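Those sequence lines, one after another, are chains H and D.
Sequential numbering of the first sequence, starting at 1, is according to the numbering used here.
Sequential numbering of the second sequence, starting at 352, is according to the numbering used here.
Okay, structure first, notes after.
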Amino acid sequence: MKFGSIYLCLGIGLVISVLLSIRAGAVDVSYREIIISLAKACGLHPATEIDRIQEGLFMQIRLPRVLLCVAVGAGLSVSGALMQALFRNPIVEPGLIGTSAGSAFGAALVFVAGRTLFIELSPVLGALILPCSAFVFGLLSTLIVYRLSSAAGKVSAATMILVGIAVNAVAASGTGFLSYIARDPQARSITFWSLGTFSGADWPSVYLVGAVTLVCILAALRFSKSLNALLLGEEEAGYLGIDPDKLKMRILLVNTAMVAIATSVVGVIGFVGLIVPHLLRLFKSADNRFLIIGSALLGGILMTAADMLSRVLLAPAELPIGIVTALVGAPVFLWILGRQKSGERKGGFYA
Amino acid sequence: MNGREGFMLEVQNVSFRIGKRLILDTVSTSFLPGNVSMIIGPNGSGKSTLLKIISNELKRYSGSISYGGKILTAGQHSSLAKRRAVLAQHSELSFPLTVEEVVMMGRYPHFKVQPTAHDQLVVNQVLEELNMTRLRFQNYLTLSGGEKQKTHFARALAQIREVPVEGCRYLLLDEPIASLDLNYQHEFLRMARLLASDNIVVVAVIHDLNLALQYADHIVALHHGKVIADNKPQQVITPSLIDSMYGLKSRILHTDNLPFPILVTNV
């Protein structure tokens with residue numbers, strides 16, 4: 001396995017960033033407290049006792065939050081890798097092509113308009129309808145962008161960006177309108193939907209996002225061969241025995257499921273899906289199997305690190321995580337564009 | 352010749368329209384294994400369209416295509432891919448894959464998720480045969496135009512490496528040498544000849560009639576979507592055909608020590 005050592009390094013990096021992130025915050029948790037809490041959660045009875053409040057902080061707040069970061073980071077990054085392969089363009093990410101904004105609108109719609117209707121009917125139905133609505137609107141936005149920017153199997157990058165801007169604007173104004181008319185004091189603010197936060201993390205959301213993301217990543221791995229073939233163009237992928245239309249639809253479904261579930265829980269977080277696959281391409285490979293596994297690991301690392309920063313920079317106050325990811329992500333995006341430009345002169349690194 | 356006809360690639364009464372325009376008009380011909388067949392004709396005569404219909408890329412045509420007696424249907428994507436490879440004029444690949452990874456794509460129809468040791472062996476052999484082993488780990492995007500096209504040729508070879516239990520193999524080339532230098536053009540056509548001698552049906556769309564005279568066993572000339580000649584090269588390429596297809600005066604020169612004639616046009 002030629003990528004084995006990279007996976008190993010990323011895996012170790014993920015463990016380190018998770019450990020660091022669990023400790024840091026408005027209140028620090030010591031390793032001793034972590035180990036004892038985990039032992040207790042596993043049903044053991046350690047000899048030493050620890051502070052109940054510290055244990056609760058760790059088990060009910062810090063741990064689910066960090067695990068949610070890993071799941072969301074992995075999901076958004078794998079989504080970036082999938083969309084870049086599908087659009088055959090390395091500057092695509094879920095935030096650019098409407099998936100995130102559409103999902104946020106779908107979630108906000110249920111949150112604001114549907115809250116009174118469904119949650120009183122049944123809490124289970126209410127909990128299910130939120131991610132479903134996010135999925136439907138996320139898929140709708142992505143389909144609009146894809147259909148309008150592709151003609152005869154080729155995607156025009158310029159049209160895609162313009163359509164993306166328009167679809168994002170519509171979805172964002174819809175979300176803005178909804179959060180403006182929301183009377184419910186619990187309704188999340190516009191900041192939540194546009195910049196995201198992990199402060200609402202709890203165990204049910206970890207299970208939900210974790211399970212969906214894991215299933216979607218495993219499904220995406222099964223498509224990695226076909227996605228590689230798609231890099232040659234739809235026609236040539238067809239000559240290699242792949243049905244491009246079927247493949248595209250499956251990828252869009254898997255991708256939207258991942259983004260929608262994450263967005264409905266933590267809001268829109270930009271740039272992660274863009275940068276992570278690119279950082280992996282620095283290893284000079286565009287093999288989608290490598291990009292998917294690598295994105296899942298590196299996305300987890302970066303999201304955990306970004307969330308940690310958002311907690312400690314202004315502690316005890318908390319920054320929306322989107323501020324951190326955009327602050328770091330946008331310059332990296334510019335750097336990529338610069339590389340792309342110089343690459344064109346050299347004969348098209350990204351072309 | 353025994354059994355060759357049984358494996359042939361047959362085009363029967365194929366017509367194709369885009370809107371009201373008739374691109375192909377009841378085209379019928381057949382291509383035999385062991386032959387290098389070439390399709391010639393002016394721009395817009397329907398050559399590439401015909402090749403796309405043969406390769407199962409375009410579907411809404413009338414008439415039929417049959418591979419070794421079996422009529423092609425739309426759902427044969429994956430079974431056909433194991434014995435039919437297509438090399439396009441140029442590929443739009445713009446991601447940094449290594450040469451080896453691109454060639455391995457030719458093995459995609461043969462394995463499910465991960466390549467087997469046999470797939471790796473085939474890729475190694477093909478790279479060796481085309482003298483490309485030194486480029487193996489090089490980034491595809493840093494290659495020259497000729498090397499890029501050769502990489503795709505290697506991919507096509509890897510795709511149809513094994514002789515199938517039933518039937519034979521088919522290699523379709525759509526203007527494969529249009530953007531290559533002289534050296535590469537001859538290298539590609541020599542390889543095409545070599546492959547044909549290995550009992551593969553080789554069909555190439557080509558513009559250079561002198562290369563067709565030199566390398567083809569069989570030529571189909573298309574004009575306005577119709578077959579206007581279908582025979583051995585020296586029977587097809589004549590001053591009268593050149594005049595009717597391109598409106599150019601020409602002469603065919605025979606020289607003593609060349610086994611094929613030379614076409615000089617616009618004289």
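All C-beta atoms, glycine included, are put in the ideal place defined by N, C-alpha and C.
Keep in mind it's a predicted model, so treat the numbers as computed, not measured.
Proximity of residue i and residue j at Cβ, strictly below 8 Å
| i | j | result |
| --- | --- | --- |
| Leu302 of chain H | Ile261 of chain H | no |
| Leu401 of chain D | Ile390 of chain D | yes |
| Ser399 of chain D | Asp532 of chain D | no |
| Ile416 of chain D | Val454 of chain D | no |
| Ala201 of chain H | Arg65 of chain H | yes |
| Val556 of chain D | Ala547 of chain D | no |
| Pro460 of chain D | Lys421 of chain D | no |
| Ser295 of chain H | Pro316 of chain H | no |
| Phe290 of chain H | Phe3 of chain H | yes |
| Gln84 of chain H | Val78 of chain H | no |
| Thr213 of chain H | Ala134 of chain H | no |
| Leu252 of chain H | Leu143 of chain H | yes |
| Gly353 of chain H | Phe137 of chain H | Given that chain H is displayed from residue 1 to residue 351, the structure contains no residue 353 of chain H and the question cannot be resolved. |
| Leu481 of chain D | Lys463 of chain D | no |
DSSP-derived helix/strand/coil call for residue i
| i | result |
| --- | --- |
| Glu574 of chain D | With the sequence shown as reference, residue 574 of chain D is identified as His, and Glu is not the correct amino acid for it. Three-state DSSP puts His574 of chain D in a strand. |
| Ile488 of chain D | In the sequence on display, residue 488 of chain D carries Phe and not Ile. Coil, per DSSP. |
| Phe271 of chain H | coil |
| Gln465 of chain D | coil |
| Gly347 of chain H | In this prediction, Gly347 of chain H scores a pLDDT of 38, lower than 50, which makes its location untrustworthy; no coordinate-derived value is stated. |
| Ala432 of chain D | coil |
| Gln363 of chain D | strand |
| Val615 of chain D | strand |
| Ala317 of chain H | coil |
| Ala547 of chain D | helix |
| Arg250 of chain H | helix |
| Gly414 of chain D | strand |
| Asp287 of chain H | coil |
| Ala505 of chain D | helix |
| Met352 of chain D | Note that Met352 of chain D has pLDDT 43, beneath the 50 cutoff, so the model's placement of it is unreliable and no number is given. |
| Leu604 of chain D | strand |
| Ala151 of chain H | strand |
| Thr377 of chain D | strand |
| Lys403 of chain D | helix |
| Met483 of chain D | coil |
| Leu599 of chain D | coil |
| Ser30 of chain H | coil |
| His45 of chain H | coil |
Amino acids of chain D, ordered along the chain, whose beta-carbon sits closer than 9 Å to that of residue i
| i | result |
| --- | --- |
| Arg339 of chain H | Near Arg339 of chain H there are no residues of chain D at all, since even the closest Cβ is about 12 Å away, more than 9 Å. |
Bridge partner(s) assigned by DSSP for residue i
| i | result |
| --- | --- |
| Tyr239 of chain H | According to DSSP, Tyr239 of chain H bridges with nothing at all. |
| Asn582 of chain D | D:Ile570 |
| Tyr521 of chain D | D:Arg435 and D:Val552 |
| Thr449 of chain D | D:Asn490 |
| Arg372 of chain D | D:Ile369 |
| Phe382 of chain D | D:Leu360 |
| Ile390 of chain D | D:Val556 and D:Val571 |
| Lys421 of chain D | D:Tyr418 |
Proximal chain H residues relative to residue i, where beta-carbon distance stays under 8 Å
| i | result |
| --- | --- |
| Val437 of chain D | Glu236 and Tyr239 |
Partners in chain H for residue i, counting only beta-carbon separations shorter than 7 Å
| i | result |
| --- | --- |
| Asn490 of chain D | Lys284 |
| Ala432 of chain D | Tyr239, Leu240 and Gly241 |
Neighbour list for residue i in chain H, Cβ cutoff strictly below 9 Å
| i | result |
| --- | --- |
| Ser415 of chain D | Here the premise fails: no neighbours, minimum Cβ distance about 19 Å. |
Chain-ordered neighbours of residue i on chain D, where CB pairs are closer than 8 Å
| i | result |
| --- | --- |
| Arg250 of chain H | Near Arg250 of chain H there are no residues of chain D at all, since even the closest Cβ is about 15 Å away, more than 8 Å. |
Handout entry: Cβ-based contacts, 7 Å cut-off: residues of the segment 442 to 467 of chain D near chain H
Key = Within the segment 442 to 467 of chain D, the qualifying residues are Ser442, Glu443, Leu444, Ser445, Phe446, Pro447, Leu448, Glu452, Met456, Tyr459, Pro460 and Val464.
Exercise for the section: Note down, in chain order, all residues in the segment 278 to 303 of chain H with a beta-carbon under 8 Å from any beta-carbon belonging to chain D. Expected result: Across the segment 278 to 303 of chain H, CB contacts with chain D closer than 8 Å involve Arg281, Lys284, Ser285, Ala286 and Asp287, in sequence order along the chain.
Practice task
Quick one: which residues of the segment 75 to 92 of chain H get their C-beta closer than 8 Å to a C-beta of chain D? List them in chain order.
Solution key: Residues passing the 8 Å Cβ filter: Arg88 and Pro90.
Exercise for the section: Select from the segment 490 to 522 of chain D all residues with a C-beta closer than 8 Å to any C-beta belonging to chain H, and list them in chain order. Expected result: For the segment 490 to 522 of chain D, the beta-carbon criterion of a distance under 8 Å to any beta-carbon of chain H is satisfied by Asn490, Leu492, Thr493 and Gln510.
Problem - Interface positions of the segment 400 to 428 of chain D facing chain H (Cβ-Cβ less than 7 Å), listed along the chain - result: Flagged, chain order: Ser406, Glu408 and His428.
Handout entry: Where the segment 206 to 233 of chain H meets chain D: residues whose CB sits under 9 Å from a CB there
Key = Near chain D, meaning a CB-to-CB distance below 9 Å, the residues of the segment 206 to 233 of chain H are Leu221, Arg222, Ser224, Lys225, Ser226, Asn228, Ala229, Leu231, Leu232 and Gly233.
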